[in-house]
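For this note's numbering, add 5 to where a residue sits in the sequence shown, where the first one is 1.
Glycine is no exception: its CB is placed at the ideal position from the N, C-alpha and C atoms.
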Amino acid sequence: MESQATWKDPSNRIRLVGGLNRFAFRLFQQLCEEQPCRNLFLSPSSVATALAMTHLGASGDTRDELASLLGYSMPEEKRRKAFRELAESTRTGGVEFRSANRLWGQNSYHFLRDFLNATQEDFGAALGRVDFADDAEGACLEINKWAEEQTNGRIKDLVPPGLLGPMTRLVLTNAVYFLGTWQTPFEKDETREADFFHADGATANVPTMYQAGQFSYGESNGVKVLQLPYRSYGVSIEEGSEEDLSFALPNEEGGSDFAMEVLLPSAGEGVGDVAKLLASEGLQGLPSTDYRKVYVYLPRFRVESTFSMGRTLSALGVKRAFSVEHADFSSMSDNSEGLFISEVAHKAFVDVNEEGTEAAAATAILLAGAGYAECPPPVEFKADHPFIFLIRDAATGLVHFIGRLEEPQTE
């Protein structure tokens, strides 16, 4: 059965997703610069969702900084409606994808009804009461249990011990989980040990999957792009907007909702250049693709990443929210003096193998007081050196996960 995702006003979706993807690529580039020459994996949509909930409780310059970071460019009423439509329009088809939100507030702390209503209406985030003051360990266990359950056991200990305490007032959490089977799985008996060339010149022998088939492929300016669709139903979206599509390119031909896109530079050291290209030009900066026969060599890999994103987000322009003197969360509570973001914790996991992909991530923000053309010749796509990969909802254009592989590991 074919699912349909039709937007009443596609320009709202384009503007919202474009801003969120712009944030995704800026965040990814910043993390790549902060943590060079190592595997990275994160869910920018998870971080963005947690920040979007936080934005609902911010006021003044604090609110403006968060809005700028998330690329907001439309009136609040339209933006909030677009967020709700984005959640409703995600069609999973043959893949499993879920996103959940939750607020955890100090028992005795008063939150404004408008804030709680907005987070519930826009993100389905109910408020759970916990006791940070007298039982921070118990609150930590409860939050971590929730995140683990929402991610099928893949994200454990989202909030490290000792991070919560008597001054904690609120924790805003998001968790995402993805499980998809390749539209065309790799045959396990085709997997062979093969060389993978690191950026520093070292070589490792890693399990490398192989298949030959028709895939969406393109190359230009030293970058190859390969799209590996997941098994799913077709989706079409009503278009008709003149908005800039650079950061919000939907699936133009229907087909799979979700796909992995592998961005392979001509040499290992080019990964940083691709990250910069995404941050400056978005998806529009990538080579155009068409269907052709491709000989695909892709390492089997698993990546787990843990981030403390306070400094990273500050480097991207969010200053006041992290300052006890300047943060303004007066739209969150009538007792907001001294309320500020004390930590942004993020954990992510991905496993790519012959059958498909499993990915999960969770974010916790802590607030404390105080089509087919003529068939071209076959090409080879050999991912035997560092590359960038992302998982995107091709129907809405939203990038849910993005990563950099420097050293394939299977355990």
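Give me the Cα-Cα distance between residue i and residue j, rounded to the nearest whole angstrom.
i	j	result
S16	D127	19 Å
A87	T401	11 Å
L45	F392	11 Å
V420	D278	Missing from the structure shown is residue 420; the chain here goes from 6 to 416 and no further.
F202	F354	23 Å
T208	D200	6 Å
E7	R397	With a pLDDT of 36 at E7, under the threshold of 50, the modelled position of that residue is not reliable, and the figure given next carries that caveat. If you take the alpha carbons of E7 and R397, they lie about 19 Å apart.
D139	F191	52 Å
G167	S64	29 Å
V22	R89	12 Å
G223	R297	9 Å
E416	M337	42 Å
V308	G361	15 Å
L250	A399	At L250, the pLDDT of 40 sits below 50, so the modelled position is not reliable; the number obtained from the coordinates is stated separately. One C-alpha to the other measures close to 13 Å.
I407	G170	32 Å
E364	A72	Note that residue 364 is Ala in the sequence shown, not Glu. Between A364 and A72, the C-alpha separation is close to 28 Å.
Would residue i pass as a contact of residue j if the rule is Cβ separation under 8 Å?
i	j	result
R85	N112	no
V323	E70	yes
L51	A280	First, the residue type needs correcting, since residue 51 is Ser and not Leu in the sequence shown. The answer is no: Cβ separation not under 8 Å.
E286	G315	no
S237	T294	no
L371	Q35	no
H331	S48	no
Judging by CA-CA distance, which residue of the options is the nearest neighbour of residue i?
i	options	result
A144	F201, L177, G185	L177
P382	S225, Q219, V323	Q219
W109	L403, A353, K298, W151	W151
S335	L36, P49, D119	D119
A373	V329, G408, D339, F394	V329
V384	A217, M58, G24, P212	A217
DSSP has residue i in a bridge; who is on the other side?
i	result
L47	I407
K387	Y302
A53	BP columns for A53 are empty, so no partner.
Could you tell me if residue i is buried or exposed, where buried requires 16 or more neighbouring beta carbons within 10 angstroms of its beta carbon?
i	result
Q289	exposed
P234	buried
E411	buried
D205	exposed
H351	buried
M265	buried
T311	exposed
E262	According to the sequence as given, residue 262 is Asp; it is not Glu. Classification of D262: buried, given that the 10 Å Cβ count is 16 or more.
V240	Only weak support is given to the placement of V240: the predicted model assigns it a pLDDT of 37, under 50, and the question is left unresolved by the model.
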